[in-house]
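In terms of numbering that gives the first Met the number 0, the sequence shown opens at residue 0 and continues consecutively. Where a beta carbon is used, it is the ideal one built from N, C-alpha and C, also for glycine. Being a predicted model, the structure only gives us computed values, none of them experimental. So the structure is just underneath, and the comments pick up after that.
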Amino acid sequence: MTFLNQWEKLLTTMIKTLLQTDSDYVYTFLRIIAGIIVFPYGMQKLFGWSGAPGFGAPGIKGSLEQLTARNIPRFIAWLIIIGQSFGSIALISGLLGRIVAGGLFIIFTGALIVHLPDGWTLNWFGSKKGVGVEYFVLLLSLLLVIVVKGSGALSMDLWLTG
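Right, dumping it as structure tokens:
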């Protein structure tokens, strides 16, 4: 067996492992919910779809300005915009679920760190400056399940490995 054949076999095995998932509907539900949660953030950063106060700067230009103002390198800011925008769509469709959930896990771990000074709870009554981290802990939990268990039933991953 040549080196090229061994490399091809290793690469194929790695891809199958990353895409492998059970046909369990619980993971499907968690994946779709996580995608729906992230979707508005991605669309706000990409297109500026929401005019809600405190939801973030609208569009790519505003998002880049907002992120770089927090000393986030421009390249990382672009990865955040792309990750939230296309990652949410990939989660909803179940395409590359583990990879996408891993990337979003990194992005939202950063968001959790940024919001740590705001405490645990969300700003339900508008009585504090920030939003707290309880939301991020919940989303990170969903994403971690997807990283570990895969995209579940009704996913492109299951179709590709099926």
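Using only CA atoms, which one of the options lies nearest to residue i?
| i | options | result |
| --- | --- | --- |
| ALA110 | LYS148, LEU17, LEU66 and SER84 | LEU66 |
| LEU138 | LEU103, ALA152, GLY125 and PHE124 | LEU103 |
| ILE79 | VAL37, LEU115, THR120 and LEU94 | VAL37 |
| ALA100 | THR120, LEU141, GLN43 and HIS114 | LEU141 |
| TYR134 | ARG73, GLY82 and PHE107 | PHE107 |
| TRP158 | SER92, LEU115, ILE98 and VAL146 | SER92 |
| GLY61 | ILE81, LEU45 and VAL25 | LEU45 |
Would you report the Cα separation of residue i and residue j, rounded to the nearest angstrom?
| i | j | result |
| --- | --- | --- |
| ASP156 | GLY96 | 7 Å |
| VAL130 | TRP123 | 8 Å |
| TYR40 | ILE31 | 15 Å |
| ASP117 | ASN70 | 19 Å |
| GLY149 | MET13 | 14 Å |
| MET161 | PRO57 | According to the sequence shown, residue 161 is Gly rather than Met. The alpha-carbon atoms of GLY161 and PRO57 are separated by roughly 40 Å. |
| GLY151 | LEU9 | 24 Å |
| GLU64 | ARG73 | 9 Å |
| THR27 | THR1 | 40 Å |
| LEU94 | LEU153 | 10 Å |
Just verifying my parser: in three-state terms, what is the DSSP assignment at residue i?
| i | result |
| --- | --- |
| SER92 | helix |
| PRO116 | helix |
| GLY125 | coil |
| ARG69 | coil |
| GLY151 | coil |
| THR1 | coil |
| GLY161 | coil |
What I want to know is whether the C-beta of residue i ends up closer than 7 Å to one or more non-hydrogen atoms of the ligand MG.
| i | result |
| --- | --- |
| GLY41 | Ligands displayed in this structure: none; no statement on the ligand MG is therefore possible. |
What ranges does the alpha helix (DSSP H) occupy inside the segment 5-66, keeping only unbroken runs of at least 4 residues that lie completely in it? 24-46
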